[in-house]
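J.: Residue numbers (full-length UniProt numbering), protein chains in the order written: chain A, 1 to 257; chain B, 1 to 289.
By construction, the Cβ of each residue, glycine as well, lies at the ideal position given by its N, Cα and C atoms.
Here it is, the structure, as structure tokens.
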């Protein structure tokens, strides 16, 4: 009877894939029965290159800001530190914004994290469940004395990204209008609302106080209280235009009275 | 609209790429079916499902998983299997296939089809996993032969013995990737014609054709890389003709996943495969028996 020799632990193979310093796993050979580094490296390259492509597809503006060479080198570091936990790659790379913010060589580029965060939420919005946004007429039909107590359920595609940097202009310049003339004033702070009322993802720049107000509504805070939070934290907050932005973006799904 | 169910083996299919969808839906090209990578449609909603639903209203669809990791040492990812089942239930694909490979170890997903040693232990594990897939999905699956760049000195059987035994033990069908045969045979210094003549062709319900890139290994020997980034190689077309000659028309897919060309280029490859399938169907090229 033939004994089944112990196959090389998949662990050796797996560890060798992410770390080029590891030797070719025992028993992994070419046609002559001898280990062959170049053959094993095909798998190493496939892993890093395909995951780098996945990250580049999720973060095109970051890639443009960093340049392809730097992005690829950074992606390799990220993949080794935070490899995917699921075969569904639209969920891969959530830690990338935070990774860049704590990566010492990028300390001089503190805006990258917020740009990446917006791109992450863009992708999640793109794949979010299909839900009809709230019809603004339903809100208009609420008697004025009950309006302040209305609460909402967020649309599954809606997210707010707040930034100390001009995240909206950076996204326009490096993704949605890349190659066109876009003025980016690095002294500006910008907040964006990302949503998908139908099939196209929207990225709307929020007005002063709009981020606090919109986030509160998405969190289920009552309308009057959300407006109060916004006016307490932001001078010049104006309820009507901010509410219009939220409704027009389809960021709310249902209303609870 | 009645969803087309019947898969016609005389018209080849194409891998569905998002960048081609608008043109496909506008021009309704003569394509037998469209194959999707299951993992690209595991989001909840949005454009991918909108496109796939429109395609499915017009064409049969083939569901091709790339991330189930059937060859892994550990258990199958139940959540992932349930996601596959949900896609299967929603789109009722004519074909469902996965790979003889692993891609997950512990909790890390490597996004590549990694090789399995051909041992008794691996065989038992793979068969258990296929049983679990078929029981959960409520349908027979097709298992695709791999393209490999390395062998394992621990292997105690050939790839063909391994595949044949899987078919016997699990009742699954096979997806014969002719390009993988050419790539693996070249890489392991075997004759692809001999491999194919011993392949259990009776169990093949789908064929894949794709492009590969030439390279060399550390010793300077030819090493072909399964890149899916170009036209099908002439040598692979010749092997395909010989397979169709023996088995008759089988649903055949052109895979082009990287450096994706404009739709007409891919459509041209599909037409070339269809021509071979139809010639065989009408008895023109049958000369072996």
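Show which residues of chain B have a CB atom less than 8 Å away from the CB atom of residue 127(A).
T.: Simply 43, 44, 45, 46, 48.
J.: Using a cut-off of 7 Å between C-beta atoms, extract the partners of residue 86(A) located in chain B.
T.: Going along chain B in sequence order, the residues near residue 86(A) (Cβ under 7 Å) are 109.
J.: Please tell me whether residue 201(B) and residue 246(B) are closer than 8 Å, where the distance is taken between their beta carbons.
T.: Their beta carbons are under 8 Å apart, which means residue 201(B) touches residue 246(B) by this criterion.
J.: Whether or not the region 143-162 of chain B and the region 110-120 of chain B are in contact is what I'm after, with contact meaning three or more pairs of Cβ atoms, one per stretch, closer than 8 Å; do they touch?
T.: The region 110-120 of chain B is in contact with the region 143-162 of chain B.
J.: What is the DSSP secondary structure of residue 338(A), reduced to helix, strand or coil?
T.: This structure cannot settle anything about residue 338(A), because the visible part of chain A is limited to 1 through 257.
J.: What residues from chain B crowd round residue 130(A), counting only those whose CB sits closer than 9 Å?
T.: The answer, in chain order, is 44, 45, 46, 49, 50.
J.: Expressed to the nearest angstrom, what Euclidean distance is found between the alpha-carbon atoms of residue 53(B) and residue 158(A)?
T.: Distance between the alpha carbons of residue 53(B) and residue 158(A): 24 Å.
J.: Any beta carbon from chain A within less than 8 Å of residue 72(B)'s own beta carbon?
T.: Output row for residue 72(B): interface = yes.
J.: Following the continuous alpha helix (DSSP H) through residue 240(B), name the residue where it begins and the one where it ends.
T.: Note, residue 240(B): alpha helix (DSSP H), 234-247.
J.: Using C-beta distances below 7 Å, list every residue in its chain close to residue 239(A), excluding the 5 sequence neighbours before and after it, in chain order.
T.: Hits under 7 Å: 227.
J.: Under DSSP, the beta strand (DSSP E) around residue 205(A) begins and ends at which residues?
T.: Note, residue 205(A): beta strand (DSSP E), 202-205.
J.: What residue from 203(B), 126(B), 23(B), 146(B) has the CA that sits closest to residue 263(B)'s CA?
T.: The option with the nearest alpha carbon to residue 263(B) is 23(B).
J.: Buried or exposed: which applies to residue 185(B), given that a residue is buried once 16 or more other Cβ atoms fall within 10 Å of its Cβ?
T.: So residue 185(B) counts as buried.
J.: Taking 8 Å as the threshold (beta carbon to beta carbon), is residue 74(A) in contact with chain B?
T.: Judged by the 8 Å Cβ criterion, residue 74(A) is not in contact with chain B.
J.: For a contact meaning CB atoms closer than 7 Å, what does residue 51(A) contact in chain D?
T.: Considering every chain present, this structure includes no chain D. Its protein chains are A and B.
J.: Chain A beta carbons: is any one of them nearer than 8 Å to that of residue 218(B)?
T.: Output row for residue 218(B): interface = yes.
J.: Of the residues that make up the region 220-254 of chain B, which ones have a beta carbon closer than 8 Å to any beta carbon in chain A?
T.: Residues passing the 8 Å Cβ filter: 221, 223, 225.
J.: Reducing DSSP to helix, strand and coil, say where residue 222(B) ends up.
T.: It is a strand residue.
J.: Tell me whether the region 209-228 of chain A and the region 148-164 of chain A touch, counting them as touching only if at least three CB pairs, one residue from each stretch, are closer than 8 Å.
T.: At 8 Å Cβ cutoff, the stretches touch.
J.: Which complete alpha helix (DSSP H) runs does the region 87-173 of chain B hold, if anything under 4 residues is left out?
T.: Counting only runs of 4 or more, we get 120-137, 159-170.
J.: Beta carbon of residue 248(A), beta carbon of residue 64(A): below 8 Å?
T.: No.
J.: Counting only beta-carbon atoms, is residue 149(B) nearer than 8 Å to chain A?
T.: Yes, its Cβ sits closer than 8 Å to a Cβ of chain A.
J.: Leaving aside the five residues before and after residue 149(B) along the sequence, list all residues of the same chain whose C-beta is less than 7 Å from its C-beta, in chain order.
T.: If we look at residue 149(B) and ignore the five residues flanking it on each side, its Cβ neighbours are 187, 223.
J.: Over the uninterrupted beta strand (DSSP E) stretch that includes residue 250(A), give me the two end residues.
T.: Here residue 250(A) belongs to no beta strand (DSSP E), and DSSP marks it neither H nor E.
J.: Output the distance between the C-alpha atoms of residue 165(A) and residue 38(B), rounded to the nearest integer angstrom.
T.: Roughly 38 Å separates the two Cα atoms.
J.: Taking only runs that begin and end inside the UniProt domain "Putative DNA-binding" (11-100) of chain A, name each unbroken alpha helix (DSSP H) of 4 or more residues, in chain order.
T.: 37-58, 60-66, 68-81, all fully within the UniProt domain "Putative DNA-binding" (11-100) of chain A.
J.: When you compare each of 161(B), 258(B), 66(B), 44(B) to residue 114(B) by their alpha carbons, which one comes out closest?
T.: Of 161(B), 258(B), 66(B), 44(B), the residue nearest in Cα terms is 66(B).
J.: Quick one: Cα of residue 123(A) to Cα of residue 225(A), how far?
T.: Using only the alpha carbons, I get a separation of about 30 Å.
J.: Between the Cα of residue 186(A) and the Cα atoms of 110(A), 222(A), 130(A), 49(A), which residue gives the shortest distance?
T.: Of the listed residues, the one whose Cα sits closest to residue 186(A) is 110(A).
J.: Should the region 83-93 of chain B be called in touch with the region 56-66 of chain B, which here means at least 3 C-beta pairs below 8 Å?
T.: Touching, yes, given that three or more Cβ pairs across the two stretches are closer than 8 Å.
J.: Could you work out which residue in 26(B), 10(B), 14(B) is closest to residue 256(B) when comparing CA atoms only?
T.: Closest option to residue 256(B), Cα to Cα, is 14(B).
J.: Would residue 179(B) be called buried (16 or more neighbouring beta carbons within 10 Å of its own) or exposed?
T.: The residue is buried, with at least 16 neighbouring Cβ atoms inside 10 Å.
J.: Just to make sure I have the definition right: I need the residues of chain A whose C-beta is within less than 8 Å of the C-beta of residue 98(B). Which are they?
T.: Those within 8 Å of residue 98(B) in chain A number zero; the least Cβ separation is about 11 Å.
J.: For residue 216(B), which residues of its own chain have a beta-carbon under 7 Å away from its beta-carbon, when the five flanking residues on both sides are left out?
T.: Closer than 7 Å at Cβ, skipping near neighbours: 222, 223.
J.: Find the residues of chain B that neighbour residue 36(A), judging by a C-beta separation of less than 8 Å, and give them in chain order.
T.: Going along chain B in sequence order, the residues near residue 36(A) (Cβ under 8 Å) are 150, 217, 218, 219.
J.: Does DSSP put residue 14(B) in a helix, a strand or coil?
T.: Strand, per DSSP.
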